[in-house]
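Trainee:
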Amino acid sequence: MSERLISSWQINSDWTLFLDRDGVINKEKYKSYIKTIEEFKFIDGVLESLKILSNIFPRIIIVSNQQGVGKGLMTMDKLNEISNYMIEKVKKFGGRIDACYYATDLKISKSNLRKPGTGMADLAKKDFKKIDFNKSVIIGNSSTDIKFGEKLGMKTVYIGKSINISYDVLSENLFSFTKSLICNM
Numbered sequence: 002m003s004e005r006l007i008s009s010w011q012i013n014s015d016w017t018l019f020l021d022r023d024g025v026i027n028k029e030k031y032k033s034y035i036k037t038i039e040e041f042k043f044i045d046g047v048l049e050s051l052k053i054l055s056n057i058f059p060r061i062i063i064v065s066n067q068q069g070v071g072k073g074l075m076t077m078d079k080l081n082e083i084s085n086y087m088i089e090k091v092k093k094f095g096g097r098i099d100a101c102y103y104a105t106d107l108k109i110s111k112s113n114l115r116k117p118g119t120g121m122a123d124l125a126k127k128d129f130k131k132i133d134f135n136k137s138v139i140i141g142n143s144s145t146d147i148k149f150g151e152k153l154g155m156k157t158v159y160i161g162k163s164i165n166i167s168y169d170v171l172s173e174n175l176f177s178f179t180k181s182l183i184c185n186m
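The numbering used here puts the first residue of the sequence shown at 2, with every later residue one more than the last.
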């Protein structure tokens, strides 16, 4: 089912890939935040996936809620340091990340920057004029990621076990999605 659906998307060089960070790119810390480079650990297969996906999508963009900054548990400088580390590791492996957008507000702020709000996508669209949300995929591991994509008309890929919300594709992890994608293009 997922394979036929992925094939029907007809992904080409007009498409954009949006990725959540924690739980998709790197391992999450249970009930905590990734606050240092030492705590940032890539999920198995992610570097290989990003190398492949870099040859498929002309734009790869991270959109991530990071309220640890808003809570004062880490600084924006530390968040940027982690992002730079992640981007460099991906680049050394032959992949790329074109931009990272973070919502550092607290959940209670109801900021449109925080997913499921679309503020980070709006910022990306300003920076990358060729983004067409109807030709975009969001890959995330939470309901807010999926709702973010649905609001914008994106194709949605949920990473993890099935949840009680609507998504287009369910995948175990980024690597398994990447394998399905390349087998069905």
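Using N, Cα and C, we set each Cβ at its ideal position, and we do this for glycine too.
(1) Looking at phenylalanine 176 and serine 50, is the spacing between their C-beta atoms short of 8 Å?
(2) Would you check if the distance between the CB atom of threonine 1 and the CB atom of lysine 152 is smaller than 8 Å?
(3) With the cut-off set at 8 Å, would you say aspartate 123 and arginine 115 are in Cβ contact?
(4) Rounding to the nearest angstrom, what Cα-Cα distance links serine 14 and lysine 111 in this structure?
(5) Start and end of the beta strand (DSSP E) containing isoleucine 62?
(6) By Cβ distance below 6 Å, which residues in the same chain neighbour valine 47 in space, the five residues on each side in sequence not counted?
(7) By alpha-carbon positions, which one of Val158, Glu173, Ile166, Asn165 ends up nearest to isoleucine 7?
(8) Can you give me the start and stop residues for the alpha helix (DSSP H) that phenylalanine 149 sits inside?
Mentor: In short, the structure shows the following:
(1) yes
(2) It is not possible to answer for residue 1, since the shown part of the chain is limited to 2 through 186.
(3) no
(4) About 34 Å.
(5) 60-66
(6) Ile26, Leu175
(7) Val158
(8) 144-153 is the extent of the alpha helix (DSSP H) around phenylalanine 149.
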